[in-house]
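Which chain is which? The protein sequence lines are A and B, in order.
Its first residue numbered 59, the first sequence is counted upward by one per residue in the numbering used here.
Its first residue numbered 187, the second sequence is counted upward by one per residue in the numbering used here.
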Amino acid sequence: GAVVSQHPSRVICKSGTSVKIECRSLDFQATTMFWYRQFPKKSLMLMATSNEGSKATYEQGVEKDKFLINHASLTLSTLTVTSAHPEDSSFYICSARDNWQEQFFGPGTRLTVL
Amino acid sequence: GDSVTQMEGPVTLSEEACLTINCTYTATGYPSLFWYVQYPGEGLQLLLKATKADDKGSNKGFEATYRKETTSFHLEKGSVQVSDSAVYFCALSLTNTGNQFYFGTGTSLTVIP
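Right, here's the structure in full:
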C-alpha cells in the first residue's frame, strides 16, 4: 500500500516554543490530508482537514491560531504547534487520501512539552 | 450523528484463545467500515475493511463481516498469538463527509503465552 511518513517521530520542546511536524505522502499525490490527535489510551480525534492550496478546515474546539496547518504541495502538509504548552503534549497522527479516496496513516509524532 | 461504539478493554487472553471485539456504528449514509491496529509506539495500520453490507474483510487470520441489519462489524480471530498484542480501532468512513474517519475508542489486547 501507499506510504505516509511523518517527521519527526519524537520531539521534546520547552514550553513557549513552536514545533513543526511534517506529513509526506511518499509515493502518491494527496490533495487532502488529515491531522489527528490521540490522547493516552484514547481514540483519535480529528483536528483538521488540510487541502492543498487552500486553508485548512478545523474541527470545532480546535484553535486554528495555535495549530497552524499548511498544505503547500500535493505531497506535504505541515502542522505547527505554536507557543506549545504541556497540555499540548500528545501523539499527533496524519493521514493522506489518494485519488481513489483511500486513506493512509502516518506513523505518528510524539510531542512532549516540558 | 455518525459514530462508532467499540467494546471497552483491556482484553487479556491466553495464546490460541478466540478473540471477539465488538463494534457497532451509527451512520447517516452507507459507510465503509475498517479495523485498524496500533502496535506500541507506532501509528495506525489498516488491518481489514469492508465497503458494503455482507462483505467480509480478512487479514492475518482476523475477520469482520459488515452487518447492516445489526449495524455491526465485530472483529474475530480463532487463535490469537502473542504478536497480536496491540490496540484495535474500529472506524467508519462516509463519502458524503469527504471520507472523514470516525474512530471508536480502541480496545487494548494483551495475549499472554
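Heads up, the beta-carbon is just placed ideally off N, CA and C, and yes, glycines get one too.
Quick caveat: nothing in here was measured; it's all calculated off a predicted structure.
Who are the Cβ neighbours of residue i in its own chain at under 7 Å, not counting the five residues just before and after it?
i: A/E80; result: Q64, H65, L134, T136
i: B/A272; result: V223, Q224, Y225, L295
i: A/E117; result: L104, M105, A106
i: A/T75; result: A142
In chain A, which residues lie with their C-beta within 7 Å of the C-beta of residue i?
i: B/L230; result: I151, F163
i: B/T251; result: Within chain A, no residue comes near B/T251; the closest Cβ sits about 21 Å away, beyond 7 Å.
Within the same chain, show all residues whose beta-carbon is closer than 6 Å to that of residue i, passing over the 5 residues directly before and after it, in chain order.
i: A/V69; result: V77, L169
i: B/D289; result: Checking the sequence shown, residue 289 of chain B turns out to be Phe, not Asp. Closer than 6 Å at the Cβ level, and outside the excluded window around B/F289, lie F275, A277.
i: B/K263; result: L205, G247, F248
i: B/A239; result: Y252, K254
i: B/D241; result: Y252
i: B/M193; result: I207, N208, T293
Can you tell me the Cα-Cα spacing of residue i and residue j, whole angstroms?
i: A/F162; j: B/T257; result: 25 Å
i: A/A106; j: A/Y94; result: 7 Å
i: A/A154; j: B/G195; result: 29 Å
i: B/Y216; j: B/S269; result: 33 Å
i: A/Q159; j: A/N128; result: 21 Å
i: B/F259; j: B/T210; result: 6 Å
i: A/P144; j: B/T191; result: 30 Å
i: B/E201; j: A/G119; result: 43 Å
i: B/Q286; j: A/S73; result: 32 Å
i: B/N212; j: B/S218; result: Asn is not the amino acid found at residue 212 of chain B; the sequence shown has Thr there. Going from the Cα of B/T212 to the Cα of B/S218 covers about 12 Å.
Apart from the five residues just before and just after residue i, which ones in its own chain have a Cβ nearer than 8 Å to its Cβ?
i: A/G166; result: Q64, S67, Q96, F149, Y150, I151
i: B/N245; result: L233, L234
In terms of residue numbering, what span does the beta strand (DSSP E) encompassing residue i cover?
i: B/Y267; result: The sequence shown places Gln at residue 267 of chain B, rather than the Tyr named in the question. B/Q267 -> no beta strand (DSSP E), and no H or E assigned at all.
i: A/V139; result: 134 to 139
i: B/C204; result: It is not in any beta strand (DSSP E) - B/C204 carries neither H nor E in the DSSP assignment.
i: B/A236; result: 230 to 236
By the criterion of Cβ-Cβ separation under 8 Å, what are the contact partners of residue i in chain B?
i: A/L104; result: Q286, F287
Rounded to whole angstroms, how far is the Cβ of residue i from the Cβ of residue j, which I believe are closer than 8 Å?
i: A/T140; j: A/N109; result: Wrong, their Cβ atoms sit about 21 Å apart, outside the cutoff.
i: B/S265; j: B/F220; result: Contact doesn't hold; Cβ gap of about 23 Å is too wide.
Using a Cβ cut-off of 7 Å, pull out every chain B residue sitting near residue i, in sequence order please.
i: A/S211; result: The question about residue 211 of chain A has no answer, for chain A in this structure spans 59 to 172.
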